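Count along the sequence shown from 1, add 55, and you get the number used in our numbering. Glycine residues also receive a C-beta, built at the ideal position from the N, C-alpha and C atoms. Keep in mind that this is a model prediction, so the values were computed, not measured. Worksheet: the structure to be examined is printed underneath.
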Amino acid sequence: MTRITVMVSGGGTNLQAVIDAAEAGTLGDASVVLVISSNAGAYALERAARHGIPSVVIGREEYPDPEERTGAILDALKGAETDLVVLAGYMSVLPPALIRAYRDRIINIHPALLPKFGGMGMYGIRVHRAVLAAGEAESGATVHFVDEGVDTGRIILQERVPVLEGDSPETLAARVLEAEHRILPEAIRRLTKAD
Ligand code: GAR
Numbered sequence: 056m057t058r059i060t061v062m063v064s065g066g067g068t069n070l071q072a073v074i075d076a077a078e079a080g081t082l083g084d085a086s087v088v089l090v091i092s093s094n095a096g097a098y099a100l101e102r103a104a105r106h107g108i109p110s111v112v113i114g115r116e117e118y119p120d121p122e123e124r125t126g127a128i129l130d131a132l133k134g135a136e137t138d139l140v141v142l143a144g145y146m147s148v149l150p151p152a153l154i155r156a157y158r159d160r161i162i163n164i165h166p167a168l169l170p171k172f173g174g175m176g177m178y179g180i181r182v183h184r185a186v187l188a189a190g191e192a193e194s195g196a197t198v199h200f201v202d203e204g205v206d207t208g209r210i211i212l213q214e215r216v217p218v219l220e221g222d223s224p225e226t227l228a229a230r231v232l233e234a235e236h237r238i239l240p241e242a243i244r245r246l247t248k249a250d
């Protein structure tokens, strides 16, 4: 079995898409064994609870010291015997020690067509604002491996969506999110099949 830990910070609709795919049996033998949230108020925690998935909150509030925070995340990942880490709306940058420990076993969903509109400060609604400000004709979603850079790791899967006339950052975000919910489970499916 491929044991997945999903790391979240917010609403968790991508977490939900992964849980739904696992429960529907379309992720093969993969299942979500742990959810780590950087934020105690994340609705994603309720989604985990509703599906009987254990969760833990490891954020700046709980662990102000960055090294202790990294240690707590590593302990949680190891304790759950994690094979694959999925960043699904995780709004912190992972420290190098964590990336080294799980090299090529951490993937992230990003709400744009990388390498465009990625990097430090490009997260959440800011990405969609930047895409509209640049007058792009299309946007999309990207699943990629996480390396030491920000949004620079090898791309696994992308899906394009059009930017429509009259789009606001919110309407564009909603269209991109639908694509995210398709490609995140699909990327996991591909990675775990190759095991
Ligand atoms: C998603 O759009 C995800 O791509 C984005 O945050 C949203 C989380 O939604 N992630 C980033 O911007 C990371 N750089 P969710 O909590 O409903 O899955």
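| For the region 183-202 against the region 165-172, are there 3 or more C-beta pairs whose distance is under 8 Å? | yes
| query | Applying the criterion that 16 or more other CB atoms from any shown protein chain within 10 Å of the CB defines a buried residue, is E235 buried or exposed? | reply | buried
| Nearest to R215 by alpha carbon, out of L187, A192, V205, K133? | A192
| request: To the nearest angstrom, report how far apart A99 and E220 are at their CA atoms. | output: 32 Å
| query | Is S64 near Y145, with beta carbons less than 8 Å apart? | reply | yes
| query | What runs of the beta strand (DSSP E), each 3 residues or longer, lie entirely inside the region 149-231? | reply | 161-165, 193-200, 210-217
| query | Ends of the alpha helix (DSSP H) at I74? | reply | 68-78
| Simplified DSSP state of A234, which is helix, strand or coil | helix
| task | Sort A131, G96, A242, L187 by Cα distance to I210 and report the nearest one. | result | A242
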